[in-house]
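With mature numbering (1 follows the signal peptide of the UniProt record, and there is no 0) applied, the sequence shown corresponds to residues -32 to -1, 1 to 367, in that order. Positions of the beta carbon are idealized from the N, C-alpha and C atoms, including for glycine. In what follows, a structure is listed as structure tokens, so that the remarks can point back to it.
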Amino acid sequence: MTARVRARTRTLTVAAATAALAAVTAAVPAHATAPGHHAAAPTTLFTPPANPDANAQILDLLKHRQLKDAAGLLAMTLTPQAVWFDGGTSPADTRKAVDKTVGDAARRHALPVLALYNIPGRDCAQYSAGGAADTAEYQAWIDAVRAGIGNRPADVVLEPDSLALVPSDCGMDDAQGTMTAQRYDQIHYAVEALQSLAGTKVYLDAGHSGWHSINDIVPRLVAGGVDDATGFYLNISNYRSDSEIAWYGKLLSSCLAYVSAGGQAAACPNQYWPVNDAQTWLDANVHTAPSAMKHFIADTSRNGQGPWTPPAGVYSDAQDWCNPPGRGLGARPTLKTGDPLQDARLWVKIPGESDGQCTRGTAGPNDPERGYLDPAAGHWFPQQALELVHNADPALLPR
């Protein structure tokens, strides 16, 4: 899930870029249009520099006269995407890096999406292990991010998997739940530090509809300080369909409103209820206007074909989230969703970057679904990048 902050220029030559751009100019805009919140609000989403290995793949495709694939990959990299900040630098360098990204976006009158990924105990020490050493280091890092943003516009995707995967979920806590309590405090600190900025919206981790029930994730969001945030995000680096995400988001926003009014999360309908029964409950128990409820954003970078269904009985742990085969790019990023509760569809996960070296419960090291070793988490995955382009829904290029 991690990715390094992209701050390098493209390596495409003018001639090579022209060949690929000719095929995509009419099909894919460089930015997605967003509604203005006020006169000075950005009108586009920010497109950061691409992964250099994506550019190298495009050049190689052009060299071998595979022009349509080159055009598709270029179109993918020209689509607005998040910029990931995953620690590993001093507070001063973090501030400079954030300032550069937000400044570059501001000069284009574009809205940057910042994915912050440096929580202590990140990813339960799995494929994307790392993060700050302790709370003090994390707070200093958040303070540096805050200084880098300043009063310029930014949307913050705060710590993917931080609430859907707390230390107590993976044997990293003590009997008193000390580490999980610290996790909530760390997230809440970041919310208070960043949401108070004039142009910043902060969204908290709510996993996705195939993971936690509404009744389970709502108390985690409350403990993490969602009351002080703009809302929550769904489906980061996952594959749930747009309709499934929208329904789950509605249930979650509604339950948060119900709890805020004094209700109990255990009473809320969840995603496993029949839709009509859940809607009847909402009509009877939730009377908050959508404008006053917590809003959400969703990652549509790889959900064009929905989730992967592993073959039955083959793997002891199919890891259906980890580089599943046959997936496709999803809906293009936009802040015009048509849903009063959903603020945006975004490409948060950088499409084409690996989830990790997936072995699906086998001895490995190869991914048994692919027959070769997957790249490490965050590294460019050329085969998967082309899969995402070929299977995009909606299509990335004219057919």
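- Shortest Cα-Cα distance from TYR157 to any of CYS92, ALA360, SER209, GLY192 involves GLY192.
- For TRP109, same chain residues with a beta-carbon under 8 Å away, outside a window of 5 residues either side, are GLY55, PRO59, THR62, ASN86, ALA100 in chain order.
- Going by beta carbons, SER209 and GLY274 fall inside the 9 Å limit.
- Residue environment for ASN244: exposed (fewer than 16 other C-beta atoms within 10 angstroms of its C-beta).
- A contact between stretches requires three or more CB pairs, one per stretch, nearer than 8 Å, and the segment 289 to 297 meets this requirement with the segment 344 to 361.
- In the three-state scheme derived from DSSP, where H, G and I count as helix and E and B as strand, LEU126 is classed as strand.
- For ALA22, the closest of GLN163, LEU354, ALA229 by C-alpha to C-alpha distance is LEU354.
- A distance below 9 Å separates the beta carbons of ARG151 and VAL134.
- One thing to note: ARG270 has its Cβ no nearer than 9 Å to the Cβ of PRO333.
- Per DSSP, the continuous beta strand (DSSP E) segment holding TYR171 begins and ends at 168 to 173.
- For the pair SER205 and ASP267, the CB atoms are nearer than the 9 Å cut-off.
- Collapsing the DSSP output to three states places GLY217 in a helix.
- Per DSSP, reduced to three states, the secondary structure at HIS180 is coil, with no helix or strand assignment.
- Ranked by Cα distance from SER222, the first of GLY272, ILE182, TYR340 is ILE182.
- Per DSSP, the continuous beta strand (DSSP E) segment holding HIS263 begins and ends at 263 to 267.
- One Cα belongs to ILE265, the other to GLY217, and the distance between them is close to 9 Å.
- No residue range can be given for ARG328, since it is assigned to no beta strand (DSSP E) and is classified by DSSP as neither H nor E.
- If you compare the alpha carbons of LEU30, PRO48, ALA39 with that of PRO16, the shortest gap goes to PRO48.
- Rounded to the nearest whole angstrom, the CA to CA distance from VAL227 to HIS263 is 15 Å.
- DSSP assignment within the segment 234 to 301 yields the following whole alpha helix (DSSP H) runs of 4 residues or more, N-terminal first: 243 to 253.
- When DSSP states are grouped into helix, strand and coil, ALA60 belongs to the helix group.
- Among the bridge pairs identified by DSSP, LEU82 is matched with VAL51, VAL124.
- Within the model, the alpha-carbon separation for ASP142 versus ALA345 is close to 28 Å.
- Apart from the 5 residues on each side of it in sequence, TYR340 sits with its Cβ closer than 7 Å to the Cβ of ASN334 in its chain, given in chain order.
- Note that the segment 29 to 40 does not touch the segment 61 to 77; fewer than 3 beta-carbon pairs, one per stretch, sit closer than 8 Å.
- When the Cα atoms are used, LEU162 and SER136 turn out to be separated by approximately 26 Å.
- By the Cβ-count criterion, THR198 is buried, with 16 or more other Cβ atoms from all chains shown falling within 10 Å of its own Cβ.
- Cβ neighbours of ASP123 within its own chain (closer than 6 Å, five residues either side excluded): VAL81, LYS169.
- VAL113 and VAL66 do touch by the CB rule: their CB atoms are close to 5 Å apart, below 8 Å.
- Per DSSP, the beta bridge partners of PHE200 are LEU172, PHE264.
- At a Cβ-Cβ threshold of 9 Å, CYS290 and CYS326 count as neighbours.
- For ASP173 against GLU127, the beta-carbon gap comes to about 6 Å, under 8 Å, which counts as contact.
- According to the DSSP assignment, GLN310 belongs to no alpha helix (DSSP H) but to the beta strand (DSSP E) extending over 310 to 314.
- In the three-state reduction of the DSSP assignment, GLY98 falls in the strand class.
- The Cβ-Cβ distance between LEU303 and LEU79 falls below 9 Å.
- Going by DSSP, GLU321 is part of no alpha helix (DSSP H) at all; its letter is neither H nor E.
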